[in-house]
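Same order as they appear, the protein sequences are chains Z and R.
Using the working numbering, you'd call the opening residue of the first sequence number 1 and step up by one each time.
Using the working numbering, you'd call the opening residue of the second sequence number 1001 and step up by one each time.
Cβ atoms here follow ideal geometry from the backbone N, Cα and C, with glycine treated the same way.
Have a look at the structure below, then the notes.
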Amino acid sequence: DGGITQSPKYLFRKEGQNVTLSCEQNLNHDAMYWYRQDPGQGLRLIYYSQIVNDFQKGDIAEGYSVSREKKESFPLTVTSAQKNPTAFYLCASRNFGPGPSYNEQFFGPGTRLTVL
Amino acid sequence: GQQVMQIPQYQHVQEGEDFTTYCNSSTTLSNIQWYKQRPGGHPVFLIQLVKSGEVKKQKRLTFQFGEAKKNSSLHITATQTTDVGTYFCAGNTGKLIFGQGTTLQVKP
C-alpha cells in the first residue's frame, strides 16, 4: 500500500525545544515538500527537495531545517528560532515521471504541533 | 511576489444549491491544480488543467481554466453534504503556489 506517512499525528513541545517531524514515502517520488497550514490560510511552502542530498528554501524557511539523506525520507526540524511554531505541518511528494499521476502532489496525513 | 488569490474564503449553502470558487493569479500559469481537504484531513488532488480555456468535469464538479491562463474556477452543481471541506487551487509557475482556500459548508 503506497503512500506518505507522517508521525506523530499530534505533538506537544515546550517553548525553546527543537522538534523533528518525520515524513516517509514509498511512492518512489523524487520530489518532497514541507508545508505549514494555519487556520484560514492556504499552504505555505517551508522547504522542498527535488533530489537526494539537495534541498531548497521555500517561502517561510526561517526557523526550520531539513535533510534529505534518503529518497524515502524528508524530516523537518522546527528549531527554537521559529517564533510561532504551533501549526499543522503537511509533507507531500510529487511524481515528475510519465503516467496518470504526473505532477500531482500526494500529501501525508499531517502533524499538528503545539508548542506550550 | 507571485500570488494566487482565491475567493470567497467561506461559503455556506443549502444542500442542493450550487457553489463556485474562483482563483486569480498575478502571473501566467503553466497549469493549475485543484485539491480538496476534508475537515481534519489532508489535501487530496482533484484535477490538473493545462490548456488555455480548458474545461473538465468530474460528475457534479466543473473546472475551468481561463483563456489567459491566469484564472480558474471550480463549480459544484447541486451540493451534497459530502462536498463539505476546503477547496484549494494551486497555480504552477515552476513551483506550486496555493490559494488561501474556500471552505464550503453545506446545510442538510
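query: Paired residues, beta bridge with R/A989 - DSSP; result: This structure leaves residue 989 of chain R out entirely; chain R is present only between 1001 and 1108.
query: Any chain Z beta carbon closer than 9 Å to R/G1099; result: yes
query: Cutoff 9 Å: Z/F96 Cβ touching any chain R Cβ; result: no
query: Per DSSP, the bridge partner or partners of R/H1012; result: R/Q1105
query: Residues near R/K1051 by beta carbon distance below 8 Å, same chain, minus five either side; result: F1065
query: Distance CB(Z/S93)-CB(Z/L27) smaller than 9 Å; result: yes
query: Near-chain C residues of the segment 1062-1094 of chain R (beta-carbon distance less than 7 Å), N- to C-terminal order; result: Here chain C cannot be found, since the structure's protein chains are Z and R.
query: Rounded straight-line distance, which links the Cα of Z/T77 to that of Z/E15; result: 14 Å
query: Under 9 Å (Cβ pairs) to chain R, residues found in the segment 24-49 of chain Z; result: Y33, Y35, Q37, G40, Q41, G42, L43, R44, L45, Y48
query: For Z/A81: DSSP bridge partner residues; result: Beta-bridge pairing links Z/A81 to no other residue.
query: Nearest residue (CA-CA) to Z/A81, options Z/S73, Z/Q25, Z/D38, Z/I60; result: Z/I60
query: Check whether R/Q1037 and R/G1099 have beta carbons under 9 Å apart; result: no
query: Buried versus exposed, by CB contacts within 10 Å (16 or more), R/D1018; result: exposed
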